[in-house]
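A.B. asks: Numbering (the numbering used here), first residue to last: -6 to 57. C-beta: ideal position from N, C-alpha, C; glycine also.
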Amino acid sequence: MSCGDLREGFARVRCPDCGHSLFVAFSCKQRGICPSCHQKRMLVTAINIAENVADPQTRCTGSR
């Protein structure tokens, strides 16, 4: 996906007060707007949590 390219995807934004509208291309520079790059960020974050944050020894069995 080419970020910032209207041909690759966009959202139409409209002002509810005056009715003015414009097209905004999906872009990496707007967090979470570029589906391709957002997916990559989520994957990297999940791997980091699994490898460095989560304690695999801690398990909740639900019994007390």
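1. Between which two residues does the beta strand (DSSP E) harbouring Ala18 extend?
2. Around the Cβ of Phe19, are there at least 16 other Cβ atoms within 10 angstroms (buried) or fewer (exposed)?
3. Whole angstroms are fine: how far does the CA of Arg5 sit from the CA of His13?
4. My assumption, with CB atoms under 8 Å, is that Phe16 sits in contact with Leu36. Please give the rounded CB distance.
C.D. replies: With the structure as the only source:
1. Note, Ala18: beta strand (DSSP E), 14 to 18.
2. When all chains shown are included, Phe19 counts as buried.
3. 10 Å
4. Taking 8 Å as the upper bound for CB-CB distance, Phe16 and Leu36 are not in contact here, some 29 Å apart.
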